[in-house]
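In our numbering, the protein residues as written are 46 to 233.
First up is the structure itself, then whatever we jot down about it.
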């Protein structure tokens with residue numbers, strides 16, 4: 046089997062194998078590229094609440110129970126509480142949300158945080174929060190992408206290949222990141 050045919054077979058089959066990972070990394074990459082515009086992992090909803098004045102007797106337990114019941118919070122959703130000032134009471138919720146109310150009036154805001162389905166998981170994998178065995182999967186993915194890039198430029202021969210117009214596309218593909226890096230270092 047000639048090397049060009051072997052590269053073609055490997056390029057095709059590795060491309061099929063990596064389809065899911067390429068899609069996941071592409072979606073995650075788009076999401077995290079715009080992190081200054083939105084939170085790609087979490088959705089945060091804020092609403093005004095009025096739970097009525099908090100009980101003066103019973104301490105923090107009674108206040109927490111009152112806020113949780115009046116705001117219709119699930120018991121498993123509440124992770125803690127704090128009274129940072131004489132008229133402020135905070136009930137902490139799972140995923141970083143909170144109910145923050147005035148002790149005397151019970152008025153305040155409820156902030157709920159939830160993961161964005163699909164995006165949270167792809168970002169989790171892309172940013173390698175799993176560590177361990179996933180690191181080897183991500184490393185293999187990177188190496189196989191490098192193989193796809195290299196094998197892809199040598200598959201065709203003639204005018205459509207690297208000796209022909211392909212060299213200009215490869216050059217452009219190299220110049221784009223180099224130009225951005227050069228721009229970064231000249232404008233610092």
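Ideal placement from N, C-alpha and C gives every residue a C-beta, glycine not left out.
Quick caveat: nothing in here was measured; it's all calculated off a predicted structure.
In chain order, 86 place their CB closer than 7 Å to the CB of residue 165, counting only its own chain and leaving out the 5 sequence neighbours on each side. Counting only unbroken stretches of 4 or more residues, the alpha helix (DSSP H) elements lying wholly within the region 95 to 159 are 104 to 115, in sequence order.
Under the three-state reduction of DSSP, residue 93 is assigned to strand. In the assembly as shown, residue 167 is a buried residue. Its beta-carbon has 16 or more other beta-carbons within 10 Å. The way I'd put it, the region 142 to 153 does touch the region 88 to 101; three or more beta-carbon pairs between them come closer than 8 Å. Looking at 134, 213 and 199, the one whose alpha-carbon comes closest to that of residue 104 is 134.
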